[in-house]
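Engineer: Residue numbers (our numbering): 16 to 427. C-beta atoms are modelled at their ideal positions from N, C-alpha and C, and glycine is treated no differently. Pasting in a structure now, in structure tokens, and then I'll have a few things to ask.
Here is the structure:
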């Protein structure tokens with residue numbers, strides 16, 4: 016006997032009873048980001064693979080291990096999007112948004128895909144809400160994007176949220192620092208985990224994320240990038256911090272902060288929550304002033320962030336929302352019942368129709384179960400309207416039912 020079909024590992028079904036909490040995330044994002052001038056954008060869920068290989072970085076775990084990549088019928092390599100920034104920057108350039116007043120402020124919400132080990136709060140298909148401000152290198156833009164994510168997290172009641180803040184400087188600064196770090200790792204190679212040892216030349220900064228005890232001991236004495244910033248990078252970082260201080264957004268400077276994408280420059284940040292345990296990251300991002308150049312799109316500065324919807328739901332406080340009120344339950348499936356239901360919906364009423372062949376008694380139980388305010392009964396004896404609050408029932412012309420319900424709702 017064959018097994019029953021199940022959702023693929025690392026994915027999940029969003030059930031009707033979970034919709035209200037997810038809708039609350041979208042509503043909060045629209046309110047917070049829309050109120051700050053961000054407009055919603057949606058990009059395709061798959062892009063040309065080269066967009067991520069060039070943008071995210073060929074040495075990253077995302078590109079090397081986690082992308083869902085396939086060839087289409089024409090032999091073109093496509094990838095289910097593992098992150099949102101590169102597609103948004105591609106759309107910005109493709110549609111000539113550089114001609115608009117800068118920065119162009121965009122936000123998105125949708126599914127993303129990474130083939131990684133599923134665990135609490137981490138899935139292979141997951142949802143993110145994100146924001147991108149493209150076209151300005153002003154530190155005020157950095158600070159505002161961080162404040163907006165802080166506001167969204169606070170509105171959703173995320174418990175124990177903390178902001179970690181750092182700076183990566185420019186790619187040139189990072190290249191010089193990279194050589195210092197590689198020298199440190201080579202001098203202590205015998206104490207590193209095999210995985211970190213294999214990636215010393217490819218991606219040495221990822222050693223700061225290692226869980227291995229020996230590697231962590233080595234990294235405790237490693238040189239820090241923040242100590243090697245240029246004067247200009249240091250001033251930019253100071254300006255960002257000054258604005259966060261002015262906005263009363265608390266943060267801790269973390270000189271070891273790294274993220275799994277190569278396109279970041281200067282400001283880097285991450286919000287964590289103690290409520291999530293080991294997978295504590297709720298959302299984060301940073302500045303990516305060289306990303307457009309890596310994609311062959313010219314010099315376009317930008318900054319953005321993404322927050323995991325599943326993480327926000329796990330760490331947040333969710334107040335149940337009431338189901339929509341059913342104004343009218345139409346008992347019956349004959350043609351006049353359908354006509355009445357259609358007329359009532361055109362008038363703006365919330366209407367449910369009997370669709371299960373229940374008896375009259377069963378229909379009244381169903382109307383009570385769904386909290387219907389009125390019940391319309393259409394049969395051979397006439398049309399009757401029952402007030403479910405008072406229990407009173409009166410006979411009406413079928414054409415008068417909608418007006419009666421509307422009047423009752425108005426005075427309720």
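Cβ atoms of residue 237 and residue 222: under 9 angstroms apart, would you say?
Structural biologist: Result yes, Cβ atoms of residue 222 and residue 237 sit closer than 9 angstroms.
Engineer: What is the rounded straight-line gap between the Cα of residue 263 and the Cα of residue 400?
Structural biologist: Each residue's alpha carbon lies about 57 angstroms from the other.
Engineer: With a threshold of 16 other CB atoms inside 10 Å of the CB of residue 63, please say whether the residue is buried or exposed.
Structural biologist: Residue 63 is exposed by the Cβ-count criterion.
Engineer: Compare the beta carbon distance of residue 316 and residue 145 with 9 angstroms and say whether it is the shorter of the two.
Structural biologist: Not closer than 9 angstroms, so no.
Engineer: Within 10 angstroms of the Cβ of residue 143, are there 16 or more other Cβ atoms? Answer buried if so, exposed if not.
Structural biologist: Classification of residue 143: buried, given that the 10 Å Cβ count is 16 or more.
Engineer: Please confirm whether residue 78 and residue 330 have their CB atoms less than 9 angstroms apart.
Structural biologist: It is not a contact, given that the beta carbons lie outside the stated cut-off.
Engineer: Could you check what DSSP says for residue 281 in three-state terms: helix, strand or coil?
Structural biologist: Strand, per DSSP.
Engineer: Whether or not the stretch 264-271 and the stretch 26-36 are in contact is what I'm after, with contact meaning three or more pairs of Cβ atoms, one per stretch, closer than 8 angstroms; do they touch?
Structural biologist: No, they do not touch.
Engineer: May I ask which residues mark the beginning and end of the beta strand (DSSP E) holding residue 79?
Structural biologist: Careful: residue 79 lies outside any beta strand (DSSP E) and carries neither H nor E.
Engineer: Could you give the distance in angstroms between the alpha-carbon of residue 407 and the alpha-carbon of residue 372?
Structural biologist: Answer to the nearest angstrom: the Cα atoms are 24 angstroms apart.
Engineer: What are the uninterrupted segments assigned as beta strand (DSSP E) that are 3 or more residues long and contained completely in the stretch 309-355, given in chain order?
Structural biologist: Counting whole runs of 3 or more residues, the stretch 309-355 contains the beta strand (DSSP E) stretches 317-323 and 343-346.
Engineer: Can you tell which of 215, 214, 208 and 242 has the C-alpha that lies nearest to the C-alpha of residue 232?
Structural biologist: Among 215, 214, 208 and 242, the Cα nearest to that of residue 232 belongs to 208.
Engineer: Alpha carbon to alpha carbon, what distance is there between residue 135 and residue 29?
Structural biologist: Rounded to whole angstroms, residue 29 to residue 135 spans 16 angstroms at the Cα level.
Engineer: Give me whichever residues DSSP pairs with residue 86 in a beta bridge.
Structural biologist: Looking at the DSSP assignment, residue 86 forms a beta bridge with 92.
Engineer: Given a cut-off of 9 angstroms, decide if residue 347 and residue 393 are closer than it, judged by their beta-carbon atoms.
Structural biologist: Going by C-beta atoms, residue 393 is nearer than 9 angstroms to residue 347.
Engineer: At a cut of 8 angstroms, does the stretch 210-220 reach the stretch 242-251 through at least three beta carbon pairs?
Structural biologist: These segments do not touch.
Engineer: Does the beta-carbon of residue 186, which I'm using as the reference point, lie nearer than 8 angstroms to any heavy atom of the ligand FMN?
Structural biologist: Within the structure as shown, the ligand FMN is missing, as the structure has no ligands at all.
Engineer: Starting from residue 121, trace the beta strand (DSSP E) in both directions and tell me its first and last residue.
Structural biologist: 119-128 is the span of the beta strand (DSSP E), which, as asked, contains residue 121.
Engineer: Taking DSSP's pairing of strands, which residues face residue 178 in a bridge?
Structural biologist: Note: residue 178 sits in a beta bridge opposite 286.
Engineer: Thinking just about the alpha-carbon of each residue, which of 95, 47, 120 and 102 is nearest to the one in residue 128?
Structural biologist: The residue with the shortest Cα to Cα distance from residue 128 is 95.
Engineer: Taking Cβ to Cβ, would you say residue 164 is nearer than 9 angstroms to residue 55?
Structural biologist: Taking 9 angstroms as the Cβ cut-off, residue 164 and residue 55 do not qualify as a contacting pair.
Engineer: Could you tell me the distance, in whole angstroms, from the CA atom of residue 313 to the CA atom of residue 307?
Structural biologist: Near 6 angstroms, if we compare the C-alpha coordinates of residue 307 and residue 313.
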